[in-house]
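One structure is given here, and the rest of the page talks about it.
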Amino acid sequence: MAEMTHSASGRYGSSVVRACLWVPALVLGLLGCGTDPEHALIGRWKEVGWRYDKIDRPEAQGKWIDGIRFRSYSDRQVVRHEAEYWDFKPGRALEITHRNGDRLEARWRLKGRGHVLTIQHPDSGEFEVYDVKELTPDEMVLHYDMGLEVRGIARLEFRRASTEELSTRAARPSATGADRS
Amino acid sequence: MMLIVGSAQRQARHDLWLGGSTAAVAGFVNVCSVIAFFAFSSNVTGHFAIFAEEIVKGHWHQVSVVCVWLGLFLTGAFLANLSITAVGVHRPYLGRLLPLTLELGVLSAIGYYGHHHYGETLRETEYLVGGLLFAMGLQNSLVTTISGGVVKTTHLTGLLTDMGVELAMFLQRRFRGDAVLRFKLKLRFVIVSWYLVGGVAGGITFQAWGFPAFYLATATLSLILTGELASVRRSLRRAEPDELRSTLEAEPSAIQ
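Protein chains in written order, with our numbering: chain E, 1 to 181; chain B, 1001 to 1256.
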């Protein structure tokens, strides 16, 4: 009986040791498979759409709106981008190019497990937080939490800017300033 | 004496002090972690849900990160118990105080690194959250082992479940006089209340001070550690070796 117990505990012990070797190896393997979100984010993204999800106002539900507009919520101060290109640079600098050619400088950070994007505007000190819902080499989807006062989610969709778009935008004259309200 | 008294000689006040003080630290650290890193440091159930969600989405980097975080919580819990049950066989005081010292060191290091060197890269964030999960694993296992499973300071889902069960029993006259039930309810209220107090204090101090707020958590742990060391010294001066052995109980009782 004692021998049986001894052999059972030996088998159990060796299984635990094997698990302790396999699990870290699996994790290391997974680390190799996945794309680092910071690397995936870097580059130029074209804003292709804004959509309101789960919003209080039924007439606005699911409508595609060009640029973020919160005029129906005039009591609330919300950042308004109406941007065209978001350029995430390696030194955590972000350049947002507006439709009229104005450029806005900001700082970007990824937090958590890479699922939260924070944007800090050095001039005003304002701080925006987005949930990164999807981030692939060609597509990015961000959710902007509009806060408790205005129930709903603004969904921002981006696609990676093509080479032609990059060269076109680079040729345009730039102006500093921010179109924000 | 709340850490070094073995289960045979433990009194209600030991568990109440242990539960309250460590719950406050857990709440404090968790809220600081959410504000600083947008990630919880002790919500293991939530991390498991995220782990499953990331597998479904095929986000393998995130899967590996959450896997490492869960592994670090597990490692912390493993090391704390190993320290008490293995190191504690020959050096009982050391076995019980080592996990707390290690937790103190980890939290101090995170506070120091965050204040002086943190460049807010994702890799740093992942490591620092991992460090906090390791510290919380250490703490939870330490208090769980020492109290014989009575106190768990970071496991509020289970705690609220137990509280609901005990409140339902407390409503019935036949259970109301039960001293054990009364003590358990009191303990749960103490843990939940101090967790909340710690969380609010963590939020306020982190907003005001940034990463040095972690030093407040380490100051609380240092107070506990200093108190325990003073108790050890007093016990060693007064008690006979046989008395000491019975007070301490190197082998903690089976966890309930």
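Glycine included, each C-beta is placed from N, C-alpha and C at the ideal position.
8 Å Cβ cutoff, residue i in contact with chain B
i	result
C33/E	yes
R160/E	no
E157/E	no
E38/E	yes
K89/E	no
K46/E	no
C141/E	According to the sequence shown, residue 141/E is Val rather than Cys. No, V141/E does not count as interfacial toward chain B.
L104/E	no
V116/E	yes
L110/E	yes
R113/E	yes
S14/E	no
Exposed unless 16 or more other CB atoms sit within 10 angstroms - verdict on residue i
i	result
V1106/B	buried
A161/E	buried
S15/E	exposed
D1015/B	buried
T1092/B	Residue identity check: residue 1092/B is Pro in the sequence provided, not Thr. Label assigned to P1092/B: buried.
Q1207/B	exposed
F127/E	exposed
Q1139/B	buried
I1084/B	buried
C1067/B	buried
E1166/B	buried
G1019/B	buried
I1110/B	buried
Alpha-carbon spacing of residue i relative to residue j, whole angstroms
i	j	result
N1043/B	G101/E	45 Å
S94/E	R1010/B	Sequence check: residue 94/E is Leu here, not Ser. About 58 Å.
Y85/E	L142/E	14 Å
L41/E	E157/E	13 Å
E1120/B	G1177/B	54 Å
I119/E	A1201/B	26 Å
M1169/B	G1027/B	28 Å
A154/E	K133/E	12 Å
L1104/B	R103/E	46 Å
V1029/B	A1217/B	7 Å
K1152/B	V1143/B	7 Å
E38/E	H1061/B	11 Å
L1074/B	R99/E	51 Å
V1034/B	F1040/B	5 Å
E149/E	V129/E	Note that E149/E scores a pLDDT of 47, beneath 50, so its modelled location is shaky; the value from the coordinates is reported in the next line. In a straight line, the C-alpha of E149/E is about 16 Å away from that of V129/E.
W50/E	A1049/B	28 Å
V1150/B	G1199/B	22 Å
L1128/B	R1234/B	38 Å
L1132/B	H1115/B	15 Å
E105/E	Y1215/B	34 Å
R44/E	R107/E	15 Å
G1058/B	T97/E	32 Å
G1130/B	W1069/B	5 Å
G1046/B	L1160/B	16 Å
A1135/B	S1108/B	11 Å
H1230/B	R1237/B	Inspection of the sequence shows that residue 1230/B is occupied by Ala rather than by His. When rounded, the distance between both Cα atoms is 11 Å.
S1222/B	L135/E	43 Å
R1013/B	R1173/B	26 Å
F1078/B	G1071/B	10 Å
R1096/B	I1224/B	12 Å
Element boundaries [alpha helix (DSSP H), containing residue i]
i	result
G1158/B	L1156 to F1170
F1183/B	A1179 to W1209
N1030/B	A1012 to F1037
P37/E	P37 to L41
G1046/B	V1044 to K1057
F1040/B	Unbroken run through F1040/B: none, as it is neither H nor E.
CB contact below 8 Å: residue i versus chain E
i	result
V1066/B	yes
A1039/B	yes
W1060/B	yes
T1125/B	yes
E1053/B	no
L1094/B	no
V1044/B	no
L1128/B	no
L1236/B	no
E1120/B	yes
F1197/B	Note that residue 1197/B is Val in the sequence shown here, rather than Phe. So, not an interface residue.
V1029/B	no
V1063/B	yes
Chain-ordered neighbours of residue i on chain D, where CB pairs are closer than 8 Å
i	result
L21/E	The structure shown contains no chain D; the protein chains it does contain are E and B.
Handout entry: Whole beta strand (DSSP E) elements within the segment 88-162 of chain E, 3-residue minimum
Key = Segments of the beta strand (DSSP E) lying fully in the segment 88-162 of chain E: 93-98, 102-111, 116-120, 127-135, 139-145 and 153-160.
Practice task
Identify every run of the alpha helix (DSSP H) within the segment 1063-1142 of chain B, keeping only runs that are complete inside it and at least 4 residues long; order them along the chain.
Solution key: With a minimum length of 4 residues, the continuous alpha helix (DSSP H) runs that stay inside the segment 1063-1142 of chain B are 1092-1116.
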